[in-house]
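Numbering (full-length UniProt numbering), first residue to last: 1 to 733.
Contents: one structure, followed by commentary.
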Amino acid sequence: MATIEYLPRTEFLRQTERATERYEARTRERQAIRKALDDRGVLHADAPDRVTKRLARLGASWPLATALERTPREATTGRSLAGLAPDSFGADVLALERLMGRNDLVDVGFLEAGSLAARSVGRVFVGGRGAHYGTGFLVSESLLLTNNHVLRDPEQAERGLVRFNYQAGPDGRPLEPVEFGLEPARFFVTDRHLDFTLVAVAARSRHGEPLGAFGRLGLSEAQGKVILGELVNIVQHPGGEPKQLALRENEVVDLLDDFVQYGADTRQGSSGAPVFNDQWEVVALHHAGVPAKGADGRYLAVDGSVWTPEQGEERLAWKANEGVRISRILRAVREAAVSGSAPELRAQLLETPTGLPGPVGPPSPAGAGPAPAPAPAPEISGRSESGDVVHLTVPLRIAVGIAGAGPPSWAGPAPDGDRGAPSPPLPPAYGGPAYGPPTDGRVPYPERELQAALVNLEAGRDRPYYEAEADQAARQEYYASLPGVTGAPLRQALTDLLERTHERRPAYKPIMLLYPWVDLHPDLELRGIYSGESFSPEEFIRADAEAEAARFERWRELLVREAALGPDAVAAEMDALEDAVLFNCEHVVPQSWFAKREPMRGDLHHLFACGTTCNSFRGNFPYFDFADLQEAIRTSCGRRESQGFEPSAGKGPVARATFYFLLRYPGLIGDAPGELRRERLEMLLTWHESEAVGEYEHHRNAAIAEIQGDRNPLVDHPEWARDLDFEHAWPAA
1 MATIEYLPRT
11 EFLRQTERAT
21 ERYEARTRER
31 QAIRKALDDR
41 GVLHADAPDR
51 VTKRLARLGA
61 SWPLATALER
71 TPREATTGRS
81 LAGLAPDSFG
91 ADVLALERLM
101 GRNDLVDVGF
111 LEAGSLAARS
121 VGRVFVGGRG
131 AHYGTGFLVS
141 ESLLLTNNHV
151 LRDPEQAERG
161 LVRFNYQAGP
171 DGRPLEPVEF
181 GLEPARFFVT
191 DRHLDFTLVA
201 VAARSRHGEP
211 LGAFGRLGLS
221 EAQGKVILGE
231 LVNIVQHPGG
241 EPKQLALREN
251 EVVDLLDDFV
261 QYGADTRQGS
271 SGAPVFNDQW
281 EVVALHHAGV
291 PAKGADGRYL
301 AVDGSVWTPE
311 QGEERLAWKA
321 NEGVRISRIL
331 RAVREAAVSG
341 SAPELRAQLL
351 ETPTGLPGPV
361 GPPSPAGAGP
371 APAPAPAPEI
381 SGRSESGDVV
391 HLTVPLRIAV
401 GIAGAGPPSW
411 AGPAPDGDRG
421 APSPPLPPAY
431 GGPAYGPPTD
441 GRVPYPEREL
451 QAALVNLEAG
461 RDRPYYEAEA
471 DQAARQEYYA
481 SLPGVTGAPL
491 RQALTDLLER
501 THERRPAYKP
511 IMLLYPWVDL
521 HPDLELRGIY
531 SGESFSPEEF
541 IRADAEAEAA
551 RFERWRELLV
561 REAALGPDAV
571 AAEMDALEDA
581 VLFNCEHVVP
591 QSWFAKREPM
601 RGDLHHLFAC
611 GTTCNSFRGN
621 FPYFDFADLQ
631 EAIRTSCGRR
641 ESQGFEPSAG
651 KGPVARATFY
661 FLLRYPGLIG
671 DAPGELRRER
681 LEMLLTWHES
691 EAVGEYEHHR
701 NAAIAEIQGD
711 RNPLVDHPEW
721 ARDLDFEHAW
731 PAA
């Protein structure tokens, strides 16, 4: 707000005091966050689940992130993976490089996207007694979001206006502002604690311009929009001044239940301003800050003098900013009691798609008459990067803070009238888009996964296959808290440790996680776990992508006929397609034994590369050890009869993977006919002891620990096998 005419107990000061209390109460936690950011980087300071969701939202993966962390950057360009061709730098690589501070380039497309986002931001003016300014932004075709302390009640909103285009044009001349009245009688929802107000805006300006010309910023309750250590962007009218955009100058330093706090080294936010991530998704509504104080505890102005309310918030010296989390605002709006036409407008808000509206033509300079009608919206892309603070003249004055990294390209929506058919839900085998690029209907989903997997494969070529010394240190740290016990207490302690450290639980997606790195042998080839046959990882990856593409297309076809076929027939059809592919991923513990549920299905510790022939030959038969002269069907994969399957190769690794499963998911298998029963424990122990752990399994274990967080105790400590009392890992008789 430009002026604050009330004395220190105004609502703005109350919000400031509450923000200060929250900030000071979490000093110790914030120091720990700062240390984690400095010591380990942005991917390790936040909760693993939130980081996983952030990576998924960027279309990236933990293996690629790990490869970037371990690869020296190219000094001349800031690029981490210098050996990759330029065409390989898709959204996932660029996003991670910038998020992790590995790329210092600034992309013009990012500024274009920011300019589009800024069109929906306007200056709010409240006239009459106590006149003041603020910032607000359109979040649907009819609704504007700002702070409660900007518009505290319908009476105040009745005196309010929102002015768009109050900004400089590309030539530095002011544009022609466009003013719209507010209509609280149609819709008005406010919340003092969350400090937001959502109010209806007139459909046309005083001169007849449509509100739709200024687009909208769709809001999302989804998690993964921002993590600790990321830099955010603020579009604002500070002090009622023309629109300004501060890029990448505020680092997220804390995430609370309802609020997000971000540093303010250079500029404070303006009340009611949207706070964006580098994909131009709104992550917070700026509402207050934490002012600097003098020795006497009084607030300081930017010039070091004592601040007074009459000077306005823009004169306060800030040391941190605070915004209200968008997900909490949407929850409150969803639960608010509304009547009349308001429910329809609320539904419109909740159904507004996220992402930026397309450009609508250049704004008109002052004196040029009304703005032109909206033009068709072409697809755009924008990427953010970093460098020193510079000022660029585009339709806004932009202060670009370049000090870290930023995420990826953003694809705008198709023009009106050309949106295409909505994409159907993904088939269950995809496990959702948790570790692949987002499905936006533009690039076919399997093709984008193929591109990302090949980048992951290339990223691993220059990193050490296995670092024994570092892994030894990691092993010691991992098991340091275990008590000195054996038998059932040791087994239970390991089960508890695995559950506690299995922090990241990827959905089943071997093309992204298993084939490019985890399951590689020392010669960087893949081996069929049961046959020992060698394959190139690219061969596996491409075959997997082709199979997924076929399944994806078949899934789309079957959706049309699902009502007639029934879900069981559709599932059988999809399983048949999976069986027809050349290669497959083997679950040492068959999926049917746990009904294809997660996290078991995607748990990398029991997944191995396998040809489809061997995968089908084994089926869901439990492991068995045939006597030398015993009759059994033989192939290169092994021997099989009704009582079980004995592999030709890989007995040691599959035994240890099975032991891991028994420790991690006790009581889950062995309680049904045809599953692995406790009487075959001795057979697994014999396989384990007859084939020692080698570099391949140590590499797998270390790679999986980087991704999931947990380790296989029987790879790290083979000597524990007979001390663990596995008898109690099976269901009680």
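We treat Cβ as the ideally placed atom computed from N, Cα and C, and that holds for glycine.
C-beta contact flag for residue i and residue j at 8 Å
i           : j           : result
residue 518 : residue 704 : yes
residue 271 : residue 114 : no
residue 196 : residue 324 : yes
residue 162 : residue 136 : yes
residue 166 : residue 243 : yes
residue 460 : residue 353 : no
residue 201 : residue 188 : no
residue 216 : residue 233 : no
residue 230 : residue 19  : no
residue 199 : residue 168 : no
residue 609 : residue 528 : yes
residue 666 : residue 501 : no
residue 326 : residue 46  : no
residue 586 : residue 615 : yes
residue 589 : residue 605 : no
Min CB distance residue i to chain B below 8 Å
i           : result
residue 241 : The structure shown contains no chain B, having only a single protein chain.
Residue i - containing alpha helix (DSSP H), residue span
i           : result
residue 687 : 681-690
residue 343 : 342-351
residue 196 : Element bounds for residue 196: not the alpha helix (DSSP H) but the beta strand (DSSP E), 196-200.
residue 699 : 695-708
residue 484 : No alpha helix (DSSP H) holds residue 484; DSSP gives it neither H nor E.
residue 158 : 154-158
residue 713 : 713-716
residue 522 : Counting along the chain, residue 522 falls outside any alpha helix (DSSP H), and DSSP gives it neither H nor E.
residue 48  : 48-57
Residue i, DSSP secondary structure in three states
i           : result
residue 539 : helix
residue 495 : helix
residue 168 : strand
residue 304 : coil
residue 211 : helix
residue 18  : helix
residue 252 : strand
residue 265 : Model confidence at residue 265 stands at a pLDDT of 45, short of 50, so the residue's coordinates are unreliable and nothing is read from them.
residue 143 : strand
residue 509 : coil
residue 534 : strand
residue 656 : helix
residue 719 : helix
residue 37  : helix
residue 647 : strand
residue 455 : helix
residue 622 : coil
Counted within 10 angstroms of its Cβ, other Cβ atoms place residue i as buried (16 or more) or exposed
i           : result
residue 412 : Confidence at residue 412 is low in this model, with a pLDDT of 30, below 50, so the placement of that residue should be treated as unreliable; the coordinate-derived value is given next. With 16 or more Cβ atoms within 10 Å of its Cβ, residue 412 is classed as buried.
residue 77  : In this prediction, residue 77 scores a pLDDT of 46, lower than 50, which makes its location untrustworthy; no coordinate-derived value is stated.
residue 727 : exposed
residue 722 : exposed
residue 140 : buried
residue 37  : buried
residue 35  : exposed
residue 635 : exposed
residue 620 : exposed
residue 686 : exposed
residue 524 : exposed
residue 126 : buried
Where the beta strand (DSSP E) containing residue i begins and where it ends
i           : result
residue 233 : 231-236
residue 633 : 633-635
residue 191 : 188-191
residue 274 : 274-276
residue 739 : Outside the displayed span of the chain (1 to 733) sits residue 739, for which this structure offers no information.
residue 122 : 121-126
residue 180 : 178-181
residue 640 : 638-641
Residues bridged to residue i (per DSSP)
i           : result
residue 288 : 322
residue 784 : The structure shown has nothing for residue 784, since the chain only spans 1 to 733.
residue 204 : 210
residue 527 : 534
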